[in-house]
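Undergrad:
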């Protein structure tokens, strides 16, 4: 993905230059270049999945099996989409509000520059939070709450540190930042006055984005059990941005006549509110309890794997095997579960043989769990 994104970015620069300057498409050319670049990235990833040997075991093509778990997926996807959209839309609302200010051309230009700069900087804590969420999830799956807590602390320190460093860099280059977007002197001066507030909001945004993603990934592990934690980010975003941020932005910009600075102060207040709630939730999260929540009962895995194995695709090579169970159940600290695992493989081997004999005359149904059969044969 890194290689694909890097190549796409380089191609995008060239396409954008051709469409905007050579073909004189202007703003339409920039938008068209973005769409073309997205498609290039999609096609590159699709070709990789199609032809890469590393994807042979993970992609078996389209089938009806993709619809089996669609409802649990939607229970995670819809709140996640709402959570992201509520935050993103609040920033876009600022652009509309800036158009109602006394000097809409100047105000809209400045607020757009601030939003774009924030979006670029946000990629740093976004990457940190993605790595942290994976690490925390892995530690919980390995039944190591201390390791998960350490990962949370480390990434929070990194989030604050990068926010301070990037904020200092913004302040130092406040007088030249505007030149990256415009050659209008009034826009450049206005941007320089906005940079200190922008730097402060970047520190807060880094912490809240890290907490939000950690909570989102950790809590989604309990979705099957109906914990409902996956909705917490959407609720916090709704309250922070639409009950605190946007109303305060309107008051500061239109009642106190602070302009774009008032709009951004309002959204900074929303970020602060969001960060405080997320920090409280993160601090009060019982990771020991989350470890219990992520422990999947062995027999649930057994019968779930058997059900999935009935498909003609067979989920490839047989889903129930020692490796699969080791990943899903965790570290197998409980020796009883190890015994159950061995017994489960033996049972499935018997089922394989019975079903193969029963359906041999049909010559259409493959063994239910071929890898389990191979294991038993080798023993």
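In our numbering, the protein residues as written are 6 to 384.
Positions of the beta carbon are idealized from the N, C-alpha and C atoms, including for glycine.
Exposed or buried, residue 195, counting other C-beta atoms within 10 Å across all chains shown (16 or more means buried)?
TA: buried
Undergrad: Residue 437 by DSSP, collapsed to three states: which one?
TA: Within the shown structure, residues of the chain are numbered from 6 to 384, placing residue 437 beyond reach of any answer.
Undergrad: Counting along the chain, where does the alpha helix (DSSP H) carrying residue 242 start and finish?
TA: 237-244
Undergrad: Reducing DSSP to helix, strand and coil, say where residue 61 ends up.
TA: coil
Undergrad: Spatial neighbours of residue 24 within its chain, please: CB distance less than 6 angstroms, with the 5 preceding and 5 following residues excluded, ordered by chain position.
TA: Excluding positions up to five away in sequence, the list reads 30, 34, 37, 38.
Undergrad: Between residue 16 and residue 84, what straight-line distance do the alpha-carbon atoms span, to the nearest angstrom?
TA: 34 angstroms
Undergrad: Could you tell me the distance, in whole angstroms, from the CA atom of residue 66 to the CA atom of residue 41?
TA: 26 angstroms
Undergrad: Classify residue 150 as helix, strand or coil using the three-state DSSP reduction.
TA: Taken through DSSP and simplified to helix, strand or coil, residue 150 comes out as helix.
Undergrad: Helix, strand or coil for residue 262? Go by DSSP, reduced to three states.
TA: coil
Undergrad: Using a Cβ-Cβ cutoff of less than 8 angstroms, which residues in the same chain neighbour residue 440 once the five nearest sequence positions on both sides are dropped?
TA: Absent from the structure is residue 440, since the part of the chain shown begins at 6 and ends at 384.
Undergrad: Can you list, in chain order, the residues of its chain with a C-beta nearer than 8 angstroms to that of residue 169? Leave out the 5 residues immediately preceding and following it.
TA: 208
Undergrad: Nearest CA to the CA of residue 91: which residue from 75, 137, 238, 48?
TA: 238
Undergrad: What's the C-alpha gap between residue 172 and residue 75?
TA: Those two C-alpha atoms are separated by around 42 angstroms.
Undergrad: Since residue 82 is in the alpha helix (DSSP H), which residue starts that stretch and which ends it?
TA: 75-103 is the span of the alpha helix (DSSP H), which, as asked, contains residue 82.
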